[in-house]
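Down below is the structure, laid out as structure tokens.
Protein chains: 4
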Amino acid sequence: MASFEHLSTRLAELGRALYDRGWAMGTSGNYSAVLSTEPLRLVITRSGVDKDGLLPGDMLVVDEAGKAVMGAGKPSAETVVHLGVVHATGAGAVLHTHSVWNTLLSEGAPEGGSVEIAGYEMLKGLRDVATHEHTEQVPVVENTQDYERMARDVEAALSAHPEAHGLLLRGHGLYTWGRDLAEAKRHVEVFEFLFEVVSRSRAAAGGHDGGG
Amino acid sequence: MASFEHLSTRLAELGRALYDRGWAMGTSGNYSAVLSTEPLRLVITRSGVDKDGLLPGDMLVVDEAGKAVMGAGKPSAETVVHLGVVHATGAGAVLHTHSVWNTLLSEGAPEGGSVEIAGYEMLKGLRDVATHEHTEQVPVVENTQDYERMARDVEAALSAHPEAHGLLLRGHGLYTWGRDLAEAKRHVEVFEFLFEVVSRSRAAAGGHDGGG
Amino acid sequence: MASFEHLSTRLAELGRALYDRGWAMGTSGNYSAVLSTEPLRLVITRSGVDKDGLLPGDMLVVDEAGKAVMGAGKPSAETVVHLGVVHATGAGAVLHTHSVWNTLLSEGAPEGGSVEIAGYEMLKGLRDVATHEHTEQVPVVENTQDYERMARDVEAALSAHPEAHGLLLRGHGLYTWGRDLAEAKRHVEVFEFLFEVVSRSRAAAGGHDGGG
Amino acid sequence: MASFEHLSTRLAELGRALYDRGWAMGTSGNYSAVLSTEPLRLVITRSGVDKDGLLPGDMLVVDEAGKAVMGAGKPSAETVVHLGVVHATGAGAVLHTHSVWNTLLSEGAPEGGSVEIAGYEMLKGLRDVATHEHTEQVPVVENTQDYERMARDVEAALSAHPEAHGLLLRGHGLYTWGRDLAEAKRHVEVFEFLFEVVSRSRAAAGGHDGGG
Chain A
9 MASFEHLSTR LAELGRALYD RGWAMGTSGN YSAVLSTEPL RLVITRSGVD KDGLLPGDML
69 VVDEAGKAVM GAGKPSAETV VHLGVVHATG AGAVLHTHSV WNTLLSEGAP EGGSVEIAGY
129 EMLKGLRDVA THEHTEQVPV VENTQDYERM ARDVEAALSA HPEAHGLLLR GHGLYTWGRD
189 LAEAKRHVEV FEFLFEVVSR SRAAAGGHDG GG
Chain B
9 MASFEHLSTR LAELGRALYD RGWAMGTSGN YSAVLSTEPL RLVITRSGVD KDGLLPGDML
69 VVDEAGKAVM GAGKPSAETV VHLGVVHATG AGAVLHTHSV WNTLLSEGAP EGGSVEIAGY
129 EMLKGLRDVA THEHTEQVPV VENTQDYERM ARDVEAALSA HPEAHGLLLR GHGLYTWGRD
189 LAEAKRHVEV FEFLFEVVSR SRAAAGGHDG GG
Chain C
9 MASFEHLSTR LAELGRALYD RGWAMGTSGN YSAVLSTEPL RLVITRSGVD KDGLLPGDML
69 VVDEAGKAVM GAGKPSAETV VHLGVVHATG AGAVLHTHSV WNTLLSEGAP EGGSVEIAGY
129 EMLKGLRDVA THEHTEQVPV VENTQDYERM ARDVEAALSA HPEAHGLLLR GHGLYTWGRD
189 LAEAKRHVEV FEFLFEVVSR SRAAAGGHDG GG
Chain D
9 MASFEHLSTR LAELGRALYD RGWAMGTSGN YSAVLSTEPL RLVITRSGVD KDGLLPGDML
69 VVDEAGKAVM GAGKPSAETV VHLGVVHATG AGAVLHTHSV WNTLLSEGAP EGGSVEIAGY
129 EMLKGLRDVA THEHTEQVPV VENTQDYERM ARDVEAALSA HPEAHGLLLR GHGLYTWGRD
189 LAEAKRHVEV FEFLFEVVSR SRAAAGGHDG GG
């Protein structure tokens, strides 16, 4: 298991890089990594922090109830969603980005639906996907300010799509994860690339068809 | 209250970052922060300076009439607009950016109208907005080279939209503000993100509908 | 008058920055500054050099016939065009960039025509333009591999548009200039910004109308 | 002939720059350079490595059968395609990038077809192209996970298009090459620029016509 020092340093570096790409403007975006599983301890960005110049000191440790057990400040309001993803998937790291393209793509999908992405080589960047002849269903979950409810909705969507590598909150962004931070980072890049490709491809085809 | 040294250093850093994002090409963009309120003293970028490589020495201090009381060079021609925003809102910092997307979005709005932005999680990056179920009205003010008139028009628009967090000058850019520089910077990022999303979303929906 | 050392250092810095913006991919782009006027000596990028990592040693000095009088390598093939611009405008610096947006915009204009840009505040970044209520005519010159002819065509276009601050070579890029490098750099940024705005604005309005 | 140390350092630098441009998200992209021709030895990125922060130690040497003869890890799965390109073209360096625009452009071409690019000055950045009045045919090869087959298909496409400077794998990216790394890098930039121009130009003209 990685140490708090290692994980908080890596999360801060990654957070600065995602900010530089324009995927976490304002104080959007929040990132976590599992520090231990028994008991569950998650290193997570604190609430309301600017991701520009993110530092290891902006991270704290929460327990499985989302209560801070180490570090200054309040944990991200979406901590419960991170915990839900860890619970549902066994992930070692969870990243939530908020890009222009993931926002646009999430808007068009029908309620309870998903965005379907198929046929692209980039899909092979997703864990255990071995061919471009793969169809990734990215569930779209309705946005809410009730984070307990959001966590339940996210867990339900993941239960309905056990093969998913990420999900979209409508008008709110991407959640993706991985066994470790390196895999979760790769998944962010794969999805953000594909979201832009799919959005531009639909626009070129003459419309915003909303996804499957 | 922060010192001149602190504010001029922070304004210069921020100005370089906004330049790097492409939001202040040429010599566009100007930035200010309140140094004291009684009497009112504003630290502001000097006129005509390239924002690439902006330095603390490019800042000067003006009084409530916009007259330079410290520093070399002429204050930004739009100093009176900054003062108008401070007067109308009590802001501690005012940022004016000039991006491709804010220019495009400002063009379509009817005279005396506003751009309406609703339903996006990113709106929560605006001060005191607690839910994505918020409708932000961004007033659009006609552009003019008569800055005294612009300042009056801006104050009138803010009086008509006391809840606004920013406004657009048609074909000229965004004015936003905050209690302090950190909040004003966050507002720039939130608005620039949303302007791109709204513009692309309208284009995908098949037209430039001009806003409400 | 600035020294060779100063101008070559500034040209190299500027060249690296324009490369980073994506405005001089491959070995496209070439940049010059006047070292002396009597006799005319121009510091200019050498031919075929990658603008990524451009160094002062990549510059040489040419005389008014375009013959290298100092430095290693061959002068840019477009040296004669730079000389034509200096001759026609009295410029102290000439910058030629090759961006996606300037390429796209140049394509739609009719032969012998120009791209018209009006109403934007950013126009005030052009020398002696004091209001957004300005109409900039950017002449579009046909591309050719006969650089002597290109230079004559450019001089003819500038003679027909003495107020122009820049011109487009069709499918080939922007030429702009200024009294000095700082002004020429500002003109590049102003034009590249406006080209993107105009292109996107036309696309949003439903077509590629080609300009006036 | 350049040394392993030199080539691995240059490949790593180049890989980091291509990552920064967004042309090799996730673990996509792979790069090689010929270390010797008799016997054929290729320096190539190892499989599955993140191109962000690519290091010389991420390179290994393969023989003409694609077997690693030096370095840690497995060679890129596409090594056989690199070898096929070297075999067909005599290239000294082969670069495979995976951008949004190359993905989009590859999608529209008919099976067995090519993307035609003509009339742009940027084409002169391709080796031995001396005029913008050049038509570049970029063959589009169907994607497959059978890399032996892909290598044969690539060699067949290059045999049918001996003048080609690059080719597209459908939904998978660009392969281009050069006598040396500098030329191959220039070709990447030229193609990525042109792919964006052609895609945007088609979109502005009102559709995704799919290429010739």
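Chains as they are written, first to last, in this note's numbering: chain A, 9 to 220; chain B, 9 to 220; chain C, 9 to 220; chain D, 9 to 220.
From the three backbone atoms N, C-alpha and C, an ideal C-beta is built for every residue, glycine too.
Just so you know, these numbers come straight off a predicted model, no measurement behind them.
Proximity to residue i [Cα-Cα], best of the options
{"i": "F12 of chain C", "options": "C:V42, C:E129, C:H180", "result": "C:V42"}
{"i": "L26 of chain A", "options": "A:K75, A:A80, A:H106", "result": "A:H106"}
{"i": "F201 of chain D", "options": "C:W185, C:E191, C:G181, C:A212", "result": "C:G181"}
{"i": "G61 of chain C", "options": "C:L176, C:T139, C:V206, C:T17", "result": "C:T17"}
{"i": "A80 of chain C", "options": "C:E86, C:V93, C:L63", "result": "C:L63"}
{"i": "E119 of chain A", "options": "A:H169, A:L177, A:A213", "result": "A:L177"}
{"i": "Q145 of chain A", "options": "A:A10, A:E124, A:W185, A:R49", "result": "A:E124"}
{"i": "H173 of chain D", "options": "D:H140, D:A211, D:D136", "result": "D:D136"}
{"i": "H90 of chain C", "options": "C:Q153, C:A212, C:R29, C:Y183", "result": "C:Y183"}
{"i": "T45 of chain C", "options": "C:G30, C:G98, C:R29", "result": "C:G98"}
{"i": "A10 of chain B", "options": "B:A190, B:R210, B:G214, B:A213", "result": "B:A190"}
{"i": "G34 of chain B", "options": "C:A192, C:A211, C:T35, C:P47", "result": "C:A192"}
{"i": "V102 of chain B", "options": "B:A211, B:L48, B:W185, B:H169", "result": "B:W185"}
{"i": "V94 of chain D", "options": "D:L48, D:A138, D:A126", "result": "D:L48"}
Other residues of its chain near residue i: CB distance less than 8 Å, five sequence neighbours each side excluded
{"i": "A96 of chain D", "result": "V162, E163, L166, S167"}
{"i": "V88 of chain C", "result": "G74, Y155, E156, M158, A159"}
{"i": "E86 of chain C", "result": "N38, H104, Y155, M158"}
{"i": "Y128 of chain C", "result": "H140, L202, V205"}
For residue i: DSSP bridge partner residues
{"i": "V102 of chain C", "result": "C:S40, C:W185"}
{"i": "E124 of chain B", "result": "B:Q145"}
{"i": "P83 of chain A", "result": "A:R54"}
{"i": "A32 of chain B", "result": "B:H106"}
{"i": "T45 of chain B", "result": "B:L48"}
Residues near residue i in its chain [Cβ-Cβ closer than 6 Å; skip 5 each side]
{"i": "K59 of chain B", "result": "G23, Y27, A32, G37"}
{"i": "V77 of chain A", "result": "V69, D71"}
{"i": "R187 of chain D", "result": "G100"}
{"i": "H142 of chain D", "result": "L131"}
{"i": "H169 of chain C", "result": "Q145, P147"}
N-terminal and C-terminal residue of the alpha helix (DSSP H) that residue i is part of
{"i": "R160 of chain A", "result": "155-168"}
{"i": "L26 of chain D", "result": "12-28"}
{"i": "A96 of chain A", "result": "87-97"}
{"i": "L112 of chain D", "result": "108-116"}
Close beta carbons around residue i, own chain, < 7 Å, minus the five adjacent residues each side
{"i": "R208 of chain C", "result": "none"}
{"i": "D66 of chain C", "result": "A20, T53, R54, V57"}
{"i": "W109 of chain A", "result": "E200, F203, E204, S207"}
{"i": "G179 of chain A", "result": "T111, S114, E115, N151"}
{"i": "L15 of chain A", "result": "A41, L43, V51"}
{"i": "P83 of chain D", "result": "I52, R54, S55, L68, V70, G74, A76"}
{"i": "L134 of chain B", "result": "E144, H173, H195, V198"}
{"i": "H216 of chain C", "result": "Note that H216 of chain C has pLDDT 44, beneath the 50 cutoff, so the model's placement of it is unreliable and the number below is only indicative. Excluding residues within five positions, the ones whose Cβ falls inside 7 Å are G116, R210."}
Residue span of the beta strand (DSSP E) that contains residue i, given as start and end
{"i": "G297 of chain B", "result": "Examination of residue 297 of chain B is not possible in this model, given that chain B is present from 9 through 220 alone."}
{"i": "L50 of chain D", "result": "48-53"}
{"i": "V70 of chain D", "result": "67-70"}
{"i": "V77 of chain C", "result": "76-78"}
(message) If the cut-off is 7 Å on Cβ atoms, which residues from the region 97-110 of chain C count as contacting chain D, listed in chain order?
(response) Answer in chain order: H106, V108.
(request) Could you name the residues of the region 19-48 of chain C whose beta carbon sits closer than 7 Å to any beta carbon of chain D, in the order they occur along the chain? (result) Residues passing the 7 Å Cβ filter: M33, G34, T35, S36.
(request) Would you list, in chain order, the members of the region 137-149 of chain A that have their beta-carbon closer than 9 Å to a beta-carbon of chain D? (result) Those residues of the region 137-149 of chain A that come within reach of chain D (Cβ to Cβ, closer than 9 Å) are A138, T139, H140, E141.
(message) Taking beta-carbon pairs under 9 Å, can you tell me which members of the region 154-181 of chain A lie near chain B?
(response) Of all residues in the region 154-181 of chain A, L177, R178, G179, H180, G181 have a Cβ within less than 9 Å of some Cβ in chain B.
(request) Name, going along the chain, the residues of the region 60-92 of chain C whose beta-carbon falls closer than 9 Å to a beta-carbon of chain D. (result) Taking 9 Å as the Cβ-Cβ cut-off against chain D, the residues of the region 60-92 of chain C that qualify are D60.
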